[in-house]
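Read the structure below first, then the notes.
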Amino acid sequence: MDGRGRLLIAGDYPYYRDRPELWAPKLKRMREAGIEVVTFYIPWRHHIAAGGDFVFDGDDNRNVLGFIERIAEAGL
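FYI, in this note's numbering the residues of the sequence shown are 55 to 130.
The following block contains the structure:
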């Protein structure tokens, strides 16, 4: 970062296992615990809508775009 090597503390958050209203409080606690980077993977089958299209801004815990916004708001 800023042209210098640095060790970053990362933590994984499987967003699809929580309701969206829990994302911000949990991300805040991760930040308070010293985590700087959030890792997550996207479970493809979870985001397939009827008809076979991928949906990343869907309802409930299928809103991965909303999750990424919460990550940014938490400063991670």
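Virtual Cβ for every residue (Gly too), placed ideally from N, Cα, C. Since we're looking at a predicted model, the values are computed, not measured.
query                                                                                                   : result
Helix, strand or coil for Val118? Go by DSSP, reduced to three states.                                  : helix
Assuming Leu130 and Glu90 make a contact with CB atoms under 8 Å, what is their CB distance in whole Å? : 7 Å
Could you pull the start and end residues of the alpha helix (DSSP H) that Ala78 belongs to?            : Pro74 to Glu86
Three-state secondary structure (DSSP) at Ile102?                                                       : strand
When you compare only the Cα positions, how much space is there between Phe110 and Asn117?              : 5 Å
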